[in-house]
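Below is one structure, written out as structure tokens; the observations come after it.
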Amino acid sequence: AQSVTQPDIHITVSEGASLELRCNYSYGATPYLFWYVQSPGQGLQLLLKYFSGDTLVQGIKGFEAEFKRSQSSFNLRKPSVHWSDAAEYFCAVGMNSGYSTLTFGKGTMLLVSP
Amino acid sequence: DAGVIQSPRHEVTEMGQEVTLRCKPISGHDSLFWYRQTMMRGLELLIYFNNNVPIDDSGMPEDRFSAKMPNASFSTLKIQPSEPRDSAVYFCASTAGQWTEAFFGQGTRLTVV
């Protein structure tokens, strides 16, 4: 069965600084990979996804992620964090067969300091 | 489209009572998913439907949980009887075809006292 590990429960970044959120997955085949963001009291919003092709994918709000097969990783990055980026971020993996079911990591809470 | 609509947003109920959560997916979407979010277990898939048919309910924790999708525009998740450990945020999501973006509702925060 697939699994997702987000090793950082909380991360604090200064506004304007760069950000990298870590995600490692376990899956026997080439996975479908996703990053979602959840603001307090809200549902999840898709930031970006990787299915195949270019391993560096661009998403909304200036985010990008890089798929590294050798490291089983799909880390999320942003060059300059804004206060409005404070939220919880979830990495997810989907099987490349069957329906669009997702297995989520436990999430990383991003705090942005002035 | 107004997005995925869930009701109620908040529900507080006493242990032993029946609870029904409701979801209206985005019009035209053919798959619907129910997830549960807790601090301890994170986001877990409970059940999903394709074209109103339940495909996999292996994530449903117990027989106290049941879900239906009588038509393409409505689904319910029922807990009977409810227990305090069912307290969580329940999300509904829908997609238009395989591996298109999943759109999530705002969730129902359930508290069982």
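Note that the protein sequences, when read in sequence, are chains H and C. For the first sequence, our numbering assigns the number 1 to the initial residue and increments by one for each residue that follows. For the second sequence, our numbering assigns the number 115 to the initial residue and increments by one for each residue that follows. No residue lacks a Cβ here, since even glycine has one placed at the ideal position from N, Cα and C. It should be emphasised that the depicted structure is a prediction, and the values quoted were computed from it without experimental measurement.
- S26 (chain H) places its beta carbon 9 Å or farther from that of T55 (chain H).
- Q220 (chain C): not part of any beta strand (DSSP E); DSSP gives it neither H nor E.
- Cα atoms of S187 (chain C) and E125 (chain C): separation of roughly 22 Å, rounded to the nearest angstrom.
- Taking 9 Å as the CB threshold, Q45 (chain H) lines the interface with chain C.
- Taking a C-beta cut-off of 9 Å against chain C, the contacting residues of the segment 15 to 39 of chain H are Y32, F34, Y36 and Q38, listed in chain order.
- Note on K68 (chain H): under 16 other CB atoms within 10 angstroms of its CB, so exposed under the neighbour-count rule.
- Each residue's CA atom was taken as its position, placing E158 (chain C) and S14 (chain H) some 32 Å apart.
- Inclusion of R77 (chain H) and L33 (chain H) in the CB contact set at 9 Å is not warranted, their separation being larger than that value.
- With respect to K192 (chain C), V133 (chain C) sits close: the two C-beta atoms are nearer than 9 Å.
- In the three-state DSSP reduction, I119 (chain C) falls in the strand class (E or B).
- Under the three-state reduction of DSSP, Q151 (chain C) is assigned to strand.
- Beyond the five residues adjoining it in sequence on each side, Y149 (chain C) comes within less than 6 Å, by CB distance, of L157, L159 and F205 in the same chain, given in chain order.
- Residue pairing for A186 (chain C): DSSP places it in no beta bridge.
- Secondary-structure assignment with DSSP links W35 (chain H) through a beta bridge to H:L48 and H:C91.
- The C-beta separation of S189 (chain C) from L224 (chain C) comes to about 16 Å, leaving the pair out of contact by the 8 Å criterion.
- Taking a Cβ-Cβ threshold of 9 Å, none of the residues of chain H is close to F179 (chain C); the smallest such distance is about 17 Å.
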